[in-house]
Amino acid sequence: MQIETLSDIIDWSRQVHQHLAEHVAKDADRQQNERAKMLMKYLADHESTLSQLLKRFEDTADAKALNTWCYEFISNHPLKIEAEHRRSYAEMGTQEIINSVMAKHKQVLELYRHLEEQADT
């Protein structure tokens with residue numbers, strides 16, 4: 772995905788959450804540990820909700836703000852969350868699942884924090 776504007780970043784974020792929701796939900800069916808399976812179902816619902824919220828934000832936000840260019844940051848800091856998921860959640864324990872999802876969220880949040888810092892300068 773080519774990311775150049777804030778709209779692109781929000782859409783990318785929405786896709787990250789949607790992809791994570793789908794991936795976790797799919798793997799939950801193969802998870803043997805009941806506690807991990809419950810966590811995965813919760814996370815799938817939560818990620819789906821986040822994706823829907825971002826979609827609503829995209830649909831209602833000011834077009835001028837959404838079309839703000841942010842290409843310089845993205846070209847220097849490629850977004851690669853999807854590529855980092857190599858292992859099935861069905862093979863992970865509860866803590867590993869939490870750590871994996873939190874790491875992905877941390878990357879998304881760091882991007883938004885950096886963009887906020889750039890806006891202040």
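In case it helps, the working numbering puts the sequence shown at residues 772 to 892.
Using N, Cα and C, we set each Cβ at its ideal position, and we do this for glycine too.
With a Cβ-Cβ cutoff of 9 Å, do residue i and residue j count as a contact?
i, j, result
"Ala832", "Ile774", "no"
"Leu886", "Cys841", "yes"
"Arg776", "Thr865", "Note that residue 776 is Thr in the sequence shown, not Arg. No; because the gap between Cβ atoms is not below 9 Å, this pair is not in contact."
Within a Cβ cutoff of 8 Å, which residues of the same chain sit near residue i, ignoring the five residues on either side of it in sequence?
i, result
"Ala854", "Low local confidence applies: a pLDDT of 47 at Ala854 is under 50, so the model's placement there is unreliable, and no value is given."
"Met811", "Val795, Ala796, Asp798, Ala799, Gln802, Tyr860, Ile868"
"Lys826", "Arg785"
Let me check understanding here. Comparing Cα to Cα, which of the options lies closest to residue i?
i, options, result
"Lys875", "Thr839, Arg827, Arg857, Asp830", "Arg857"
"Ile778", "Arg884, Glu829, Ser819", "Looking at the sequence shown, residue 778 is not Ile but Ser. Measuring from the Cα of Ser778, the nearest candidate turns out to be Glu829."
To which residues of the same chain is residue i closer than 7 Å at the C-beta, ignoring the five residues directly before and after it?
i, result
"Ser822", "Arg785, His788, Gln789, Ala792"
Tell me which residues share the same chain as residue i and place their Cβ nearer than 6 Å to its Cβ, disregarding the 5 neighbours each side in the sequence.
i, result
"Leu824", "none"
"Leu882", "none"
"Ser819", "Ala792"
Taking contact to mean 3 or more Cβ pairs, one atom from each stretch, closer than 8 Å, check whether the segment 797 to 813 and the segment 857 to 866 are in contact. yes
For the segment 813 to 825 against the segment 785 to 795, do three or more pairs of beta-carbon atoms, one drawn from each stretch, fall closer than 8 Å, so that the two count as touching? yes
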